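> The structure that follows is given in the form of structure tokens.
Number of protein chains: 2
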Amino acid sequence: MHDGTAPPRRLDHVGIATLDADRSAAWYVDVLGLVVMGDEYVQAADVRLVYLVAPGSPPDVTTVQLVQPFGPGMVRRFVDSNGEGLHHLCFAVDNIEAVLAGGGVDSEHVFLGGRGRRACFLSERASGVVVELTETMPVVAPR
Amino acid sequence: MHDGTAPPRRLDHVGIATLDADRSAAWYVDVLGLVVMGDEYVQAADVRLVYLVAPGSPPDVTTVQLVQPFGPGMVRRFVDSNGEGLHHLCFAVDNIEAVLAGGGVDSEHVFLGGRGRRACFLSERASGVVVELTETMPVVAPR
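In structure tokens:
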């Protein structure tokens, strides 16, 4: 991607693994003063996602995403090993396949992620960081 | 702060602890396509900070901040315990004392952080996340 073909548009969100999104959201809202701009269940990952932003943020702002796992999976395994906490970074890109075709990164599979957008987690962890890509435009209407 | 006195302006940056900021930055630049928008040494924390953003980002965008510790301290201890990886979230606020006076959060001390801005780490970890506050405007000229 360093040839300029398809750099990310922005840092889309930071994912925080939590066992109780309501409790976690309450701290960010009641104590820190953020607001909830989304709350959804994502079937492909069996997680609840709650999005937090500063009041008055534009729609394309970087969000704090609370991720509450319901079943087994990468987020549940993370919490079991590390406890609740920062889990991943996600960058917004126009087209995932264009990025993967660049050859610099690889992913296990593309799935229908939050807000009706295609997403994937990269196979490589850079400096220990789990990195996700999500597309800038939804492919199905977000619930 | 939930009374609306001083909510954050935005998520300022996400801090990644690394033992080699050059190596970490190279992945985000060469593989992912981000660009470096800052590189500085912060005396108060004895760390090097490298800021990464998507190409063409506005000045107030949320950044990825690589944090390379030189001496002992919280970041070095984090790496020793957890390895490199996501370390903290930082929210931009107009005035740190106004936030702390709200009573919802407490901090150990305020220091001169990155980009010439006053900053503090909150004493409380919400869902395991280390949270920093930094002021929106620098108090000394950034180097």
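Those sequence lines, one after another, are chains A and B.
If you use this note's numbering, the first sequence corresponds to residues 1 to 143, in order.
If you use this note's numbering, the second sequence corresponds to residues 1001 to 1143, in order.
The beta-carbon is built from N, C-alpha and C at its ideal position, and this holds for glycine as well.
Note that the coordinates shown come from a computational prediction; the quantities given were computed from them, not determined experimentally.
Name the chain C residues whose beta carbon is nearer than 7 Å to that of P1055 (chain B)?
Looking for chain C here will not work: the only protein chains present are A and B.
> R10 (chain A) versus chain B: which residues are under 7 Å apart at the beta carbon?
A1054, S1057, V1061, listed in chain order.
> For E40 (chain A) versus G85 (chain A), is the C-beta spacing smaller than 8 Å?
No, these two residues do not count as a Cβ contact at 8 Å.
> Which same chain residues, not among the five before or five after F70 (chain A), have their C-beta less than 6 Å away from its C-beta?
Excluding positions up to five away in sequence, the list reads D46.
> From this set, A:M137, A:W27, A:V31, which residue's C-alpha is nearest R118 (chain A)'s C-alpha?
The candidate whose alpha carbon is nearest that of R118 (chain A) is A:M137.
> Can you grab the Cα-Cα spacing for the pair Y1028 (chain B) / V1053 (chain B), in whole Å?
For Y1028 (chain B) and V1053 (chain B), the distance between alpha carbons rounds to 9 Å.
> Identify the contact partners of E84 (chain A) in chain B, using a Cβ-Cβ distance below 7 Å as the criterion.
Here the neighbours are S1127, G1128.
> Please determine, among B:V1061, B:S1127, B:N1082, the residue with the shortest C-alpha to C-alpha distance to M1037 (chain B).
The residue with the shortest Cα to Cα distance from M1037 (chain B) is B:V1061.
> Helix or strand or just coil, what does DSSP make of D20 (chain A)?
Reduced to three states, the DSSP call for D20 (chain A) is coil.
> With a threshold of 16 other CB atoms inside 10 Å of the CB of V140 (chain A), please say whether the residue is buried or exposed.
By the neighbour-count rule (16 or more Cβ atoms within 10 Å), V140 (chain A) is not buried but exposed.
> May I ask you to list, following chain order, the residues of the stretch 1026 to 1048 of chain B that have a beta carbon less than 9 Å from some beta carbon of chain A?
Against chain A - using a Cβ distance shorter than 9 Å - the residues of the stretch 1026 to 1048 of chain B are W1027, Y1028, V1029, D1030, V1031, L1032, G1033, L1034, V1035.
> Work out the CA separation of L11 (chain A) and L89 (chain A) for me, nearest whole Å.
If I take the Cα positions, the gap works out to 7 Å.
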